[in-house]
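The sequence shown begins at 2 in the numbering used here and counts up by one.
Beta carbons: idealized from backbone N, C-alpha and C, even for Gly.
These notes are about the structure you will find just below.
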Amino acid sequence: MTDPIWKLQEGVSMSQDAAQEVAKIACALKSLSAYVTLSQETEDAPEELQQIVDEGLEAMKKIFVW
2 MTDPIWKLQE
12 GVSMSQDAAQ
22 EVAKIACALK
32 SLSAYVTLSQ
42 ETEDAPEELQ
52 QIVDEGLEAM
62 KKIFVW
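As structure tokens, this is what we get:
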């Protein structure tokens, strides 16, 4: 088995399978964040979407070290 590319925050405990699935969500949120940032430059994305994405990223920071 290969080592995961993510690291859990100290004190966070979950199975490797669960962490792997949550890591997929974290990666998707990071991608969405980049998209929203670029979209805001052309004013295609509402500020509410950026706030939702930022809140999701903050939640992921509580689980993963990045």
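| In three-state DSSP terms, what is residue 8? | strand
| task | Output the boundary residues of the alpha helix (DSSP H) element that contains residue 62. | result | 48 to 62
| query | For residue 66, which of helix, strand or coil comes out of DSSP? | reply | strand
| query | Using DSSP with H/G/I as helix, E/B as strand and the rest coil, what is residue 44? | reply | coil
| query | If residue 66 sits next to residue 25, beta carbons under 8 Å apart, how far is it from one beta carbon to the other, in whole angstroms? | reply | That belief does not hold up - the Cβ atoms of residue 66 and residue 25 are roughly 17 Å apart, past 8 Å.
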